[in-house]
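Enquirer: Please read through the structure below; I'll follow up with questions.
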Amino acid sequence: MTTADIADRLCISRTTVNNHIQHILRKLNAHSRLEAIRRAERAGLI
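The sequence shown begins at 4 in the working numbering and counts up by one.
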């Protein structure tokens with residue numbers, strides 16, 4: 004999903020989506036959304 008898709012679906016701004024994504028990336032020590040997804044899967048978070 005794109006940032007715009009996520010924002011529309013959650014009824015929040017694109018900036019808010021980007022902020023949340025940046026926090027997730029930092030917490031998972033990931034450099035991309037794909038890397039974050041893979042790390043979250045390995046950790047059993049999703």
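Where a beta carbon is used, it is the ideal one built from N, C-alpha and C, also for glycine.
1) Measuring straight from C-alpha to C-alpha, what distance separates H26 and I40?
2) R17 to D8, Cα distance in whole Å?
3) Short of 8 angstroms in beta carbon distance, which residues of its chain neighbour M4, apart from the five on each side in sequence? Order them along the chain.
Expert: Judging by the given coordinates:
1) Position 23 of the sequence shown, counted from the start, is the residue given in the question as residue 26. Position 37 of the sequence shown, counted from the start, is the residue given in the question as residue 40. Roughly 13 angstroms separates the two Cα atoms.
2) By one-based count along the sequence shown, residue 17 stands at place 14. By one-based count along the sequence shown, residue 8 stands at place 5. Using only the alpha carbons, I get a separation of about 9 angstroms.
3) Start at 1 with the first residue of the sequence shown, and residue 4 comes out as number 1. Once the five neighbours on either side are set aside, the close Cβ partners of M4 are R12.
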